[in-house]
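Note that the sequence shown covers residues 497 to 1055 in the numbering used here.
What follows is a set of notes on a single structure, which appears directly below.
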Amino acid sequence: MAGRLFRSCRRLKLTGSILTGLALTMLLGGCGQQKVPSGLVYCSEGNPESFNPQLVTSGTTIDATSHQIYSRLVDYDPESGDIIPALATEWQISEDGLSYEFELRQGTQFHDLPYFHPSRHFNADDVLFSFNRIIDKQHPFHEVAQGGYPFFQSIGFAGLIKSISKQGEYRVRFELTQPDASFLSNLATDFAVILSKEYADQLLAQGSPQQLDNQPIGTGPFMLVQYVKNEYIRYRRHPGYWGNMPQSEMLVFDITPRSTTRLAKLITGDCSVSALPKAGELPVIEQHDNLVLESRPGMNVAYWAFNTQKPPFNDVRVRRALAYAIDKQNLLRAVYQDTAVEATGILPPSSWAYSDSAKSYEYAPDKARALLDEAGIDKLELDIWAMPVARIYNPNALKTAELIQADLATIGVKVNIVNYDWSVFTQKLARSDYDSVLIGWNADNSDPDNFFTPLLSCGSIASNNNRSRWCNPRFDVLLNQARSVTDRESRSLLYHQAEAILAQDMPLVSLAHAKRMALKNASVTETSLTPFGGIAFANIGHGNKPAVEKKTSPAKEQN
């Protein structure tokens, strides 16, 4: 009934980024007379898989959770890319790079909701709980996450952490097994959120530990109020938020899978901000003065991954042949319409480790045929799995698959396009029974390791992030070396060597690096558009400075 009421009341026109009286009154329980709070409606593309971003890597889940409900120890400045304080106000790194000690923000309040009333503020116990749950297999909440912790598994996080200890009520220390230049960056990712140990203890005593991830409690700017699958997610402003208080009292995610419907709702005022506008919609957007399209270079990559453990894709000649058969320039024109650049490797041009000298496989059907002949392939038929949802890195995977299908037909390869519903797609993808898949990656931080280790290391096969199921020990050695040094020049050279191995082995074909775009009503004065994946609504609607003083180099060396 709640979903039907929401839909009925929401048909009333909304004005700009602020919900009109009747619409928001409905959100608070009916369409009667009462005080109307300010609010924002975000047209989202799908349902979250969980309300805990530790457990998943999908952008839809990240958008609905990480920066709305939770906070992290450290964050990224959306403009400079520098690491800045969040729940940790300062930190020290030992000279050998094996110890990180964090001073925690005092007076930080967790959400107070009908199902949980916190009796204390955030402290060191919450940090230990949040990370020990991930790395300790004996932890009472470790197995509650039946799908595991894919991002942390893909970067070998458990093997990196020697210990996490409490140095006082508001001080924690991480001891590492080896130096890792990407460690601090990984703590700033959307996945490294802080949970409430007190809430977890309450759920364990009640015999319902799984609610930790379904009825979330965090320290973020918004509290989850209600979720109706395929309909909407409702949030309310957290009155005890530690940062700048959000201007909007209410936030609504209107779950709208079709891009054309999202655009229509934005035009009519039913949404304030919309996810993932398609390049083909740009002419329509340009006709409306009340719409603003923001864009900036993205830290992402769209790619076509081959299951290298499945014949004939275990033959590098076949993989190279398929790479030569793709007309990437045509793909960029048809799918992205000048909103992306061609990928020459896994790293985008916006990465500090990007190599200008990297060369993409040119479009060469004759070379493709010759390599298939050399591999003894007379007739080849393969499946391409295409994502059923739009993503920043690929706004239309189905169309991409159709273009590749046409390209491969010219060299005599038959392509079957597989397109499941999103929930079925993710479940089947985890079983790795595909020939190839069109997918991609949004960086979670600015460290180059965030592209290499989660997607292509040997260890990331077990977490199902390595869609190619490719393992090259020489490649892994380079990644380990790159994490063990701190100067960018040395690290860049190592990543260039890693890119060269990828070009040689071709476990995947990097297709494009897309711009990060957001479509909004002109009355929305500010958006948190970063090169990374998630979107944050805490500052939307006002131009206040960040809640925490930006620090370019907050880390101190221990003597």
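Cβ coordinates follow ideal geometry from the N, Cα and C atoms, glycine included.
Being a predicted model, the structure only gives us computed values, none of them experimental.
Between residue i and residue j, what straight-line distance do the alpha-carbon atoms span, to the nearest angstrom?
{"i": "residue 890", "j": "residue 557", "result": "17 angstroms"}
{"i": "residue 629", "j": "residue 662", "result": "15 angstroms"}
{"i": "residue 550", "j": "residue 684", "result": "12 angstroms"}
{"i": "residue 915", "j": "residue 754", "result": "15 angstroms"}
{"i": "residue 632", "j": "residue 1033", "result": "33 angstroms"}
{"i": "residue 652", "j": "residue 967", "result": "15 angstroms"}
{"i": "residue 571", "j": "residue 737", "result": "16 angstroms"}
{"i": "residue 647", "j": "residue 616", "result": "30 angstroms"}
{"i": "residue 682", "j": "residue 638", "result": "20 angstroms"}
{"i": "residue 759", "j": "residue 724", "result": "22 angstroms"}
{"i": "residue 704", "j": "residue 692", "result": "15 angstroms"}
{"i": "residue 826", "j": "residue 655", "result": "43 angstroms"}
{"i": "residue 940", "j": "residue 906", "result": "38 angstroms"}
{"i": "residue 991", "j": "residue 946", "result": "12 angstroms"}
{"i": "residue 802", "j": "residue 741", "result": "46 angstroms"}
{"i": "residue 727", "j": "residue 675", "result": "46 angstroms"}
{"i": "residue 544", "j": "residue 870", "result": "46 angstroms"}
{"i": "residue 931", "j": "residue 899", "result": "17 angstroms"}
{"i": "residue 810", "j": "residue 804", "result": "4 angstroms"}
{"i": "residue 625", "j": "residue 588", "result": "21 angstroms"}
{"i": "residue 1055", "j": "residue 592", "result": "Model confidence at residue 1055 stands at a pLDDT of 37, short of 50, so the residue's coordinates are unreliable and nothing is read from them."}
{"i": "residue 920", "j": "residue 583", "result": "37 angstroms"}
{"i": "residue 833", "j": "residue 1007", "result": "14 angstroms"}
{"i": "residue 876", "j": "residue 799", "result": "21 angstroms"}
{"i": "residue 1036", "j": "residue 732", "result": "14 angstroms"}
{"i": "residue 773", "j": "residue 561", "result": "21 angstroms"}
{"i": "residue 903", "j": "residue 996", "result": "25 angstroms"}
{"i": "residue 942", "j": "residue 975", "result": "16 angstroms"}
{"i": "residue 573", "j": "residue 579", "result": "6 angstroms"}
{"i": "residue 634", "j": "residue 658", "result": "15 angstroms"}
{"i": "residue 908", "j": "residue 822", "result": "13 angstroms"}
{"i": "residue 605", "j": "residue 618", "result": "6 angstroms"}
Would you list the residues sitting across from residue i in a DSSP beta bridge?
{"i": "residue 910", "result": "877"}
{"i": "residue 1016", "result": "769, 788"}
{"i": "residue 796", "result": "938"}
{"i": "residue 821", "result": "Residue 821 pairs with nothing; no bridge assigned."}
{"i": "residue 1006", "result": "799"}
{"i": "residue 535", "result": "746"}
{"i": "residue 719", "result": "732"}
{"i": "residue 838", "result": "1008"}
{"i": "residue 581", "result": "570"}
{"i": "residue 612", "result": "609"}
{"i": "residue 751", "result": "540"}
{"i": "residue 854", "result": "None, per the DSSP bridge assignment."}
Using CA coordinates, which residue listed in the options is at the minimum distance from residue i?
{"i": "residue 541", "options": "756, 827, 873", "result": "756"}
{"i": "residue 858", "options": "1014, 840, 934, 553", "result": "840"}
{"i": "residue 913", "options": "627, 733, 664, 895", "result": "895"}
{"i": "residue 730", "options": "984, 983, 537", "result": "537"}
{"i": "residue 824", "options": "814, 815, 860, 810", "result": "860"}
{"i": "residue 1031", "options": "559, 544, 552", "result": "559"}
{"i": "residue 1021", "options": "707, 678, 545, 769", "result": "769"}
{"i": "residue 776", "options": "802, 818, 761, 829", "result": "829"}
{"i": "residue 715", "options": "608, 893, 635", "result": "608"}
{"i": "residue 677", "options": "1013, 983, 1017", "result": "983"}
{"i": "residue 621", "options": "1008, 660, 733", "result": "660"}
{"i": "residue 842", "options": "780, 707, 795", "result": "795"}
{"i": "residue 764", "options": "1017, 1035, 818, 534", "result": "1017"}
{"i": "residue 594", "options": "980, 856, 1035, 867", "result": "980"}
{"i": "residue 853", "options": "817, 535, 989, 565", "result": "989"}
{"i": "residue 928", "options": "902, 959, 766", "result": "959"}
{"i": "residue 807", "options": "553, 965, 953", "result": "965"}
{"i": "residue 999", "options": "746, 855, 643, 612", "result": "855"}
{"i": "residue 897", "options": "881, 602, 944", "result": "881"}
{"i": "residue 746", "options": "987, 954, 1011, 564", "result": "564"}
{"i": "residue 569", "options": "577, 539, 748, 627", "result": "627"}
{"i": "residue 778", "options": "831, 707, 619, 818", "result": "831"}
{"i": "residue 598", "options": "739, 680, 634, 604", "result": "680"}
{"i": "residue 862", "options": "893, 885, 817, 849", "result": "817"}
{"i": "residue 697", "options": "688, 707, 689", "result": "707"}
{"i": "residue 787", "options": "1014, 649, 954", "result": "1014"}
Along the chain, where does the alpha helix (DSSP H) containing residue i start, and where does it finish?
{"i": "residue 938", "result": "Here residue 938 belongs to no alpha helix (DSSP H); instead the beta strand (DSSP E) covers 932-938."}
{"i": "residue 1022", "result": "Here residue 1022 belongs to no alpha helix (DSSP H), and DSSP marks it neither H nor E."}
{"i": "residue 977", "result": "969-980"}
{"i": "residue 779", "result": "778-782"}
{"i": "residue 895", "result": "893-905"}
{"i": "residue 562", "result": "555-565"}
{"i": "residue 866", "result": "861-870"}
Any Cβ of chain C within less than 9 angstroms of the Cβ of residue i?
{"i": "residue 557", "result": "Protein chains in the displayed structure number just one, and chain C is not present."}
Q: Within the region 616-697, note down every full beta strand (DSSP E) run reaching 3 residues or more, in order along the chain.
A: The DSSP assignment places 657-664, 667-672 as complete runs of the beta strand (DSSP E) inside the region 616-697, in order along the chain (cut-off: 3 residues).
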